[in-house]
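Note that numbering that gives the first Met the number 0 has the sequence shown beginning at 0, numbered continuously upward.
Ideal placement from N, C-alpha and C gives every residue a C-beta, glycine not left out.
Report on the structure given below.
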Amino acid sequence: MRTLITVLAIIGGFALHAQNTIFSHAIGNWRNGPVVYITPLFETTEATTKPQLKEQLRAQYPELKDIADTDFDVLLFGTTEEGEESRRLLKVKYGIRKLQVVLLDAPPPAKEE
0 MRTLITVLAI
10 IGGFALHAQN
20 TIFSHAIGNW
30 RNGPVVYITP
40 LFETTEATTK
50 PQLKEQLRAQ
60 YPELKDIADT
70 DFDVLLFGTT
80 EEGEESRRLL
90 KVKYGIRKLQ
100 VVLLDAPPPA
110 KEE
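And the structure:
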């Protein structure tokens with residue numbers, strides 16, 4: 000019985016650590032464009048999966064709604080600096096490939112009724 004309790008306590012501890020804050024942004028049409036979309040950096044947790052993030056982002060940004068999963072990726076970062084640097088480098092990278100890059104603005108806050 001003690002072993003079971005110990006194992007459950009360890010597993011519970013791992014679940015709590017999965018709630019660390021991380022930062023993320025998404026990139027759509029990244030393979031061949033013609034327009035590459037990059038979302039703003041946003042805060043999330045390690046427990047949130049990439050498919051969940053994709054679903055949320057598609058709901059927030061109409062530009063991403065019809066992009067195929069193979070051409071839509073969510074990138075994860077430990078700090079805001081890493082995330083902002085990624086956005087900057089991606090803009091330069093796709094600019095060199097002569098693709099139009101659109102840095103999307105943060106969606107307006109939801110109105111409460």
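Check                                                                                               : Outcome
Per-residue DSSP class, three states only, for G94                                                  : helix
Every unbroken beta strand (DSSP E) inside the segment 18-43 [3 residues or more]                   : 20-27, 34-37
Cβ neighbours of N28 in the same chain (closer than 7 Å, five flanking residues each side left out) : V34, V35, Y36, I66, D70
Proximity of G82 and H24 at Cβ, strictly below 8 Å                                                  : yes
Residue interval of the alpha helix (DSSP H) (run including L52)                                    : 49-59
CA nearest to the CA of R30, picked from D104, L89, L102, P106                                      : L89
Residue range of the beta strand (DSSP E) that includes D72                                         : 71-76
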